[in-house]
């Protein structure tokens, strides 16, 4: 196994009134091929901001991001969009499904954006919906689906492009405990069956404990969680 995703000295600043607000600076991390990495920490510390940077949805104020050893930090917006479409899948707390389209059409969308034929996109989308147990709901719109079903559609959409990296931001945050467990188990299953590398942001300690490694982001510092726990116990 080798490195899939690496970030060096990342910083993110936002303009707030007349001053710059620094969310974090000097953050570095790596994610190995096949790894399930959890990022935890208090609300408002920049976990989602970090995930957006790793997912090439936003640009860092400083630092560099590497995919498969290639520096992608300075790619054009169109090239970044192409990289995301080819290599990455996303599942968010708010599933961002398009309400006017059916589950099948939502899952087809990333392939249609890529230029895949409608027939091929539909066939692939049907397979991914079957994988998440929603073949019978393919022609329902999001408003006709439960919260758990909507998240499963979102996962099918994330998988339809056959990505190498899955980024999930609080994917169970809006679900009840039972449904959240179902979605998390499905994420674990698809991680294995699709040979994914997964980065998960979560507040749920039970879910983070099921990952290979845990990093905690707090006060602008990213630390291995077990080392943090050991330091706290020593105090």
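In the working numbering, the protein residues as written are 320 to 554. The C-beta atom is built at its ideal place from N, Cα and C for all residues, glycine as well.
Check your understanding: What residues in its chain sit with their C-beta under 6 angstroms from that of residue 325, if we drop five residues either side in the sequence?
Key -> The residue given as residue 325 occupies position 6 in the chain shown. Only 349, 385 meet the Cβ criterion.
**Study point:** Coarse secondary structure for residue 404, derived from DSSP in three states
**Key:** The residue labelled residue 404 in the question sits at position 85 within the chain shown. Three-state DSSP puts residue 404 in a helix.
Point to revise | Cβ shell of residue 410 (< 8 angstroms), same chain only, five flanking positions each side left out | key: For the purposes of this step, residue 410 is identified with residue 91 of the chain shown, where counting begins at 1. Closer than 8 angstroms at Cβ, skipping near neighbours: 470, 473, 474, 477, 485, 486, 487, 488, 490, 506.
Check your understanding: Any chance the segment 505–522 sits against the segment 334–347, with 3 or more Cβ pairs inside 8 angstroms?
Key -> no
Review point. For residue 440, which residues from the same chain have a beta carbon less than 7 angstroms from its beta carbon, with the 5 sequence-adjacent residues on both sides left out?
Key: Working through the chain shown from its first residue, we reach residue 440 at position 121. 427, 430, 431.
Exercise for review: Would you tell me roughly how many angstroms separate the C-alpha atoms of residue 366 and residue 358, rounded to the nearest one?
Suggested key: Walking along the chain shown from the start, residue 366 turns up at place 47. Walking along the chain shown from the start, residue 358 turns up at place 39. Roughly 7 angstroms between the two C-alpha positions.
Practice item. Sort 526, 391, 456 by Cα distance to residue 501 and report the nearest one. Key: Indexing the chain shown from 1 puts residue 501 at position 182. With distances taken between Cα atoms, residue 501 lies closest to 526.
Practice item. Determine the contact status of residue 494 and residue 467, defining contact as a CB-CB distance below 8 angstroms. Key: By one-based count along the chain shown, residue 494 stands at place 175. By one-based count along the chain shown, residue 467 stands at place 148. Cβ distance < 8 angstroms, so residue 494 and residue 467 count as in contact.
Review point. Between which two residues does the beta strand (DSSP E) containing residue 488 stretch?
Key: The count along the chain shown starts at 1 and reaches residue 488 at position 169. Run containing residue 488: 484–488, per the beta strand (DSSP E) assignment.
Exercise for review: Just confirm the distance between the C-beta atoms of residue 433 and residue 364, as a whole number of angstroms; I'd bet it's less than 8 angstroms.
Suggested key: Numbered from its first residue, the chain shown carries residue 433 at position 114. Numbered from its first residue, the chain shown carries residue 364 at position 45. Their Cβ separation, rounded to whole angstroms, is 34 angstroms, which puts residue 433 and residue 364 out of contact at 8 angstroms.
Check your understanding: Taking only runs of the alpha helix (DSSP H) that begin and end inside the segment 373–445, which ones reach a length of at least 4 residues, in chain order?
Key -> 396–406, 422–433
Point to revise | Same chain, Cβ closer than 7 angstroms to residue 459, five either side skipped, listed in chain order | key: The count along the chain shown starts at 1 and reaches residue 459 at position 140. Contacts found: 421, 422.
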